[in-house]
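**Q** This is the structure, below, for whatever I ask next.
There are 2 protein chains.
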Amino acid sequence: MKVTLQTLAEKSGFSITTVSRALAGYSDVNEQTRARIKALADELGYVPNQAARRLQSQQSNTIGLVIPLTDDFSDPFFMELLTGVGRQASTYGYDLLISAHPPGDEEMEAYQRLVSGSRVDGMVLARTHINDPRIAYLKDANHPFVVNGRANVDDFPFIDVDGFRSFHMLTEHFIDYGHRDIAYIGCPPDLGYAAARQHGYEASLTDHGIPINQDYIVEGDLTKPGGVAAAQRLLALNQRPSAIIAGNDLMALGAMQVCRQQGLTVGEDIAVAGFDDIPLSSHADPPLTTVRQPIREIGYQLVDMLITLIRGDMLDESQRLIEPTLIIRASSGKPLN
Amino acid sequence: MKVTLQTLAEKSGFSITTVSRALAGYSDVNEQTRARIKALADELGYVPNQAARRLQSQQSNTIGLVIPLTDDFSDPFFMELLTGVGRQASTYGYDLLISAHPPGDEEMEAYQRLVSGSRVDGMVLARTHINDPRIAYLKDANHPFVVNGRANVDDFPFIDVDGFRSFHMLTEHFIDYGHRDIAYIGCPPDLGYAAARQHGYEASLTDHGIPINQDYIVEGDLTKPGGVAAAQRLLALNQRPSAIIAGNDLMALGAMQVCRQQGLTVGEDIAVAGFDDIPLSSHADPPLTTVRQPIREIGYQLVDMLITLIRGDMLDESQRLIEPTLIIRASSGKPLN
DNA sequence: AAAGTTATCCAAAACGTTTTGGATATTAAA
DNA sequence: TTTAATATCCAAAACGTTTTGGATAACTTT
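Laid out in structure tokens, this is it:
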């Protein structure tokens with residue numbers, strides 16, 4: 001028993017056109033008729049059919065987001081991002097379409113399905129790589145999209161937390177506490193943000209006249225075991241670092257674990273910091289110093305940008321760097337005297 | 338520059354009907370023409386317009402999921418569920434529509450938008466309450482839906498981890514380790530699963546002839562501070578419990594914190610267990626004994642059920658209880674001698 | 001009074017698909 | 001040779017909107 005414009009037209013005695021225009025608020029319909037039609041629509045519970053609308057308007061009023069599927073527990077980062085994106089989308093009257101796929105070919109197919117099937121008007125991307133094929137595809141298809149995170153090129157709209165600033169801040173923090181032997185567990189170099197982060201770390205050292213010690217720079221893979229392996233190498237050095245900055249919290253937690261195993265008390269004998277502020281970090285023992293990126297807020301802003309693009313308007317700034325927040329916890333220890 | 342059936346018809350010299358039927362695999366089109374048309378479609382990159390399809394077929398090929406928005410960090414549970422649901426949906430060729438809203442009126446509106454706007458063919462619900470208005474609405478609208486978790490009534494399709502079994506198992510586990518003074522921090526009673534869980538706990542005690550001590554049963558609110566408050570009450574008792582079972586991991590972690598503050602070593606002086614197996618639990622100190630529910634798997638099965646309903650087929654079993662997994666970690670301590 | 005405005009309405013087209021109900025030509029059966 | 005069956009095709013309708021391009025009547029202005 002579904003109610004369409006047709007139904008309303010018959011019951012009200014007006015034409016489909018008038019009903020449609022009355023409901024849409026056009027000025028060429030008598031206020032009295034409009035009131036009558038609106039009342040009738042309410043009474044019968046009229047809800048416009050989306051498919052018909054989309055067919056006619058040639059847009060889906062939907063934005064898409066593909067989340068990469070991993071075997072282990074899903075990434076809280078994406079949940080936050082998704083929450084932000086979904087929330088903001090709905091304030092614009094847009095729906096959010098989700099697709100979960102293991103990275104690789106299947107993921108690319110998902111993008112194609114969403115984009116060329118015109119299921120979505122725009123896409124939100126996250127976790128970009130260098131030479132990301134998804135970006136290439138979307139640019140080529142000339143389909144609106146926004147990205148969280150940078151790649152090696154900058155000719156598309158993105159929002160990123162300032163990786164340089166973040167690691168500059170962390171390093172400053174430790175230098176401020178009197179450390180000079182500060183190690184860095186980096187990110188896989190094919191990740192868009194890897195370089196900026198390392199530069200932030202190095203720049204801070206250089207600012208303070210501390211030479212960059214290549215032994216103190218090791219690469220990690222963003223997992224906890226990766227952090228363990230990296231920290232083991234660092235602690236085996238002749239002169240071990242007095243502070244470790246990891247490219248994310250998971251690796252930092254791995255590093256903390258190694259420290260404990262080797263009899264070092266984190267926050268006293270050695271300082272450790274991470275990046276992300278995952279929920280685990282505040283509950284760790286000791287709680288982990290880290291940098292927080294306002295993921296949900298980023299989600300909001302991504303949608304703002306995307307909708308602007310979808311509407312064909314110009315973006316006032318198509319690249320935004322977000323200021324991160326330093327969160328100092330017990331893993332920093334006390335300033336050395 | 339979009340390619341429609343019209344385009345293919347003109348270029349191939351056949352009618353729109355024939356092109357459509359050729360592509361759809363109908364037998365009333367010559368194999369040779371079919372081949373020609375298919376080749377042409379490939380060449381021009383034809384992708385059927387979803388909106389038109391949906392309008393014609395009167396279904397959206399989409400399922401919906403509303404996630405409740407909270408102020409703090411998003412719930413990993415929903416991320417897992419969403420991953421499972423999204424994955425399975427795509428194997429059926431269905432899309433997944435997400436809506437994020439703070440619980441309450443706005444949430445209900447989201448359901449209405451999705452359902453009566455026929456944006457989705459079916460809904461997946463989670464975290465149900467007693468007398469859940471969403472269930473009432475969906476039943477009333479006669480719209481296909483499946484639920485993760487039970488409410489007080491059973492006249493709708495759901496999948497739930499067996500709460501009775503879970504807490505029975507946990508209690509058995511502690512009794513097995515020699516405990517008799519086992520406390521229970523419960524869930525808010527308006528949650529659908531609260532009763533079953535407490536029954537599981539009580540039944541296990543009764544099975545072993547241990548009287549149920551009402552002082553050992555306190556209500557929690559599923560948050561960590563709630564666990565703290567509950568544990569403080571328990572530890573203030575004349576005869577404090579030797580083991581605490583909490584209704585979820587978060588409360589268990591809160592309880593562990595209280596124990597530590599009062600000089601008790603969890604895993605030696607007192608045993609603690611939770612439910613959920615959130616990522617935090619395995620990293621806690623000591624790691625927390627808990628019960629895991631296979632959330633992603635539940636997501637798969639929910640979609641199976643939902644699609645069956647959407648197709649109008651009968652469900653062979655419209656209520657499923659899933660067997661939980663007991664995960665014993667150091668917070669259980671050693672068997673008392 | 002004629003011409004121009006304004007307010008209010010609507011028929012028909014368009015969006016791109018699928019389905020219905022034949023039409024036509026070809027082949028097989030009577 | 002006539003009739004029945006089969007293979008292959010297609011025009012038109014339908015799905016529910018929005019938009020286009022007027023039509024009509026009622027006022028206003030010259």
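For the protein sequence lines, the chains are F and B, in the order given.
FYI, the numbering for the first sequence is 1 to 337, going by my numbering.
FYI, the numbering for the second sequence is 338 to 674, going by my numbering.
Note that the Cβ used here is the ideal one computed from N, Cα and C, for glycine as well.
#1: Quick check on the DSSP output: what are the complete beta strand (DSSP E) runs of length 3 or more inside the region 409-470 of chain B, in order along the chain?
#2: Ignoring anything shorter than 3 residues or poking outside the region 479-530 of chain B, list the beta strand (DSSP E) runs there in chain order.
#3: Taking the alpha-carbon positions, what's the B/P548 to B/L601 distance?
#4: Please report the Cβ distance between F/L69 and F/A100, rounded to the nearest whole angstrom; I am assuming they are in contact, meaning their Cβ atoms lie under 8 Å.
#5: Using 8 Å as the limit for Cβ to Cβ distance, is F/M79 near chain B?
#6: Would F/Q88 and F/D316 be called neighbours here (beta carbons separated by less than 8 Å)?
#7: Check each residue of the region 251-268 of chain F: if its Cβ is closer than 8 Å to any Cβ of chain B, include it; give the result in chain order.
#8: Starting from B/Q576, follow the alpha helix (DSSP H) in both directions and report where the run begins and ends.
#9: F/Q261 to F/A255, Cα distance in whole Å?
#10: For B/P405, which residues does DSSP report across the bridge?
#11: May I ask you to report which of helix, strand or coil DSSP gives F/V218?
#12: By Cβ distance below 6 Å, which residues in the same chain neighbour F/F167 in space, the five residues on each side in sequence not counted?
#13: Run through chain B and tell me which residues come within less than 7 Å of F/V47, C-beta to C-beta.
#14: Determine, using beta carbons only, whether B/P631 comes closer than 8 Å to chain F.
#15: Would you say F/S331 faces chain B, with C-beta separation under 8 Å as the test?
#16: If we count Cβ pairs, one from each stretch, closer than 8 Å, do we get three or more for the region 128-144 of chain F versus the region 283-302 of chain F?
#17: Run the CB neighbour count on B/L574, radius 10 Å, all protein chains shown included, and call it buried at 16 or more, exposed below.
#18: Per DSSP, which residues does F/I270 bridge with? Please list them.
#19: Whose Cβ in chain B lies nearer than 8 Å to the Cβ of F/R87?
#20: So the alpha helix (DSSP H) F/T33 belongs to, where does it begin and stop?
#21: Please specify which runs of the alpha helix (DSSP H), each continuous and at least 4 residues long, are wholly inside the region 613-670 of chain B, giving them in chain order.
#22: Please tell me whether F/L23 and F/K38 are closer than 8 Å, where the distance is taken between their beta carbons.
#23: Do you know whose CA, among F/A230, F/L5, F/A284 and F/G186, lies nearest F/P48's CA?
#24: If you draw a straight line from the C-alpha of F/D75 to the C-alpha of F/S318, how long is it?
#25: Considering only C-alpha positions, which residue in the set F/A271, F/Y184, F/Y94 and F/F158 is nearest to F/G178?
#26: Below 8 Å between beta carbons: does that hold for B/N489 and B/I467?
#27: Comparing alpha-carbon positions, which option in B/T399, B/L345 and B/L402 lies nearest B/A378?
#28: Report yes or no: do the region 604-622 of chain B and the region 388-406 of chain B share at least 3 C-beta pairs separated by less than 8 Å?
#29: Please report whether the beta-carbon of B/P470 lies at a distance below 8 Å from any beta-carbon of chain F.
#30: Between the Cα of F/R374 and those of F/T83, F/F78 and F/D95, spot the shortest distance and give me the residue it belongs to.
#31: Taking the alpha carbon of F/I67 as the reference point, which residue from F/L96, F/E43 and F/I244 has its own alpha carbon closest?
#32: Taking its Cβ as the centre, do 16 or more other Cβ atoms sit within 10 Å of F/T18, making it buried, or is it exposed?
#33: At least one CB of chain F closer than 8 Å to the CB of B/D432: is that the case?
#34: Touch check for the region 216-234 of chain F and the region 183-192 of chain F: three-plus C-beta pairs under 8 Å?
**A** According to the data block:
#1: Those beta strand (DSSP E) runs which fall completely within the region 409-470 of chain B and span 3+ residues are 432-438 and 459-463.
#2: DSSP runs (the beta strand (DSSP E)) wholly in the region 479-530 of chain B: 482-485, 495-498 and 519-523.
#3: Within the second sequence, numbered from 1, the residue matching residue 548 of chain B stands at position 211. Within the second sequence, numbered from 1, the residue matching residue 601 of chain B stands at position 264. Approximately 25 Å, taken between the alpha carbons.
#4: Indexing the first sequence from 1 puts residue 69 of chain F at position 69. Indexing the first sequence from 1 puts residue 100 of chain F at position 100. F/L69 to F/A100, Cβ: 5 Å. Contact.
#5: Here residue 79 of chain F refers to the residue found at position 79 when the first sequence is read from its first residue. Yes, its Cβ sits closer than 8 Å to a Cβ of chain B.
#6: The residue given as residue 88 of chain F occupies position 88 in the first sequence. The residue given as residue 316 of chain F occupies position 316 in the first sequence. Inclusion of F/Q88 and F/D316 in the CB contact set at 8 Å is not warranted, their separation being larger than that value.
#7: If you check each beta-carbon in the region 251-268 of chain F against every beta-carbon of chain B, the ones closer than 8 Å belong to L253.
#8: Position 239 of the second sequence, counted from the start, is the residue given in the question as residue 576 of chain B. Looking at the DSSP string, B/Q576 is not in any alpha helix (DSSP H), and its letter there is neither H nor E.
#9: The residue given as residue 261 of chain F occupies position 261 in the first sequence. The residue given as residue 255 of chain F occupies position 255 in the first sequence. Straight-line Cα distance between these residues: approximately 10 Å.
#10: In the second sequence, residue 405 of chain B corresponds to position 68, counting from 1. According to DSSP, B/P405 bridges with B/H438.
#11: Here residue 218 of chain F corresponds to residue number 218 of the first sequence, with the count starting at 1. It is a strand residue.
#12: Within the first sequence, the letter at position 167 stands for residue 167 of chain F. Here the set comprises R197, G200 and Y201.
#13: Locating residue 47 of chain F in the first sequence gives position 47, where the first residue counts as 1. Residues of chain B passing the Cβ test: S453 and G454.
#14: As a first step, residue 631 of chain B is located in the second sequence; it is residue number 294 there, counting from the start. False, the Cβ-Cβ gap to chain F never drops below 8 Å.
#15: If you number the first sequence from 1, residue 331 of chain F lands on position 331. By this cut-off, F/S331 is not an interface position.
#16: no
#17: On the second sequence, residue 574 of chain B is found 237 positions in, with the first residue counted as 1. So B/L574 counts as exposed.
#18: Taking the first residue of the first sequence as position 1, residue 270 of chain F is located at position 270. Bridge partners of F/I270: F/V266.
#19: Taking the first residue of the first sequence as 1, we reach residue 87 of chain F at position 87. Chain-order list of chain B residues neighbouring F/R87: L406, A437 and H438, by C-beta distance under 8 Å.
#20: As a working mapping, residue 33 of chain F is identified with position 33 in the first sequence. Here the alpha helix (DSSP H) through F/T33 covers E31 to L44.
#21: Complete alpha helix (DSSP H) runs here, min 4: 616-620 and 632-647.
#22: By one-based count along the first sequence, residue 23 of chain F stands at place 23. By one-based count along the first sequence, residue 38 of chain F stands at place 38. Yes. Within cutoff.
#23: For the purposes of this step, residue 48 of chain F is taken as residue 48 along the first sequence, with counting starting at 1. Looking at the Cα atoms, F/L5 is the closest of the given residues.
#24: Reading the first sequence from its first residue, position 75 is the one you call residue 75 of chain F. Reading the first sequence from its first residue, position 318 is the one you call residue 318 of chain F. Looking at the two C-alpha atoms, the distance is approximately 27 Å.
#25: For the purposes of this step, residue 178 of chain F is taken as the residue at position 178 of the first sequence. Measuring from the Cα of F/G178, the nearest candidate turns out to be F/A271.
#26: On the second sequence, position 152 is the one that residue 489 of chain B refers to. On the second sequence, position 130 is the one that residue 467 of chain B refers to. Closer than 8 Å, so yes.
#27: Walking along the second sequence from the start, residue 378 of chain B turns up at place 41. Comparing Cα positions, the closest option is B/L345.
#28: no
#29: Taking the second sequence and counting its residues from 1, one reaches residue 470 of chain B at position 133. Not an interface residue.
#30: Residue 374 of chain F falls outside the range modelled here, since chain F spans only 1 to 337, and no answer is possible.
#31: Counted from its first residue, the first sequence places residue 67 of chain F at position 67. Looking only at F/L96, F/E43 and F/I244, the smallest Cα-Cα distance to F/I67 is reached by F/L96.
#32: Residue numbering aside, residue 18 of chain F sits at position 18 when the first sequence is read from its first letter. Per the 10 Å Cβ criterion, buried.
#33: Position 95 of the second sequence, counted from the first residue, corresponds to residue 432 of chain B. Judged by the 8 Å Cβ criterion, B/D432 is in contact with chain F.
#34: yes
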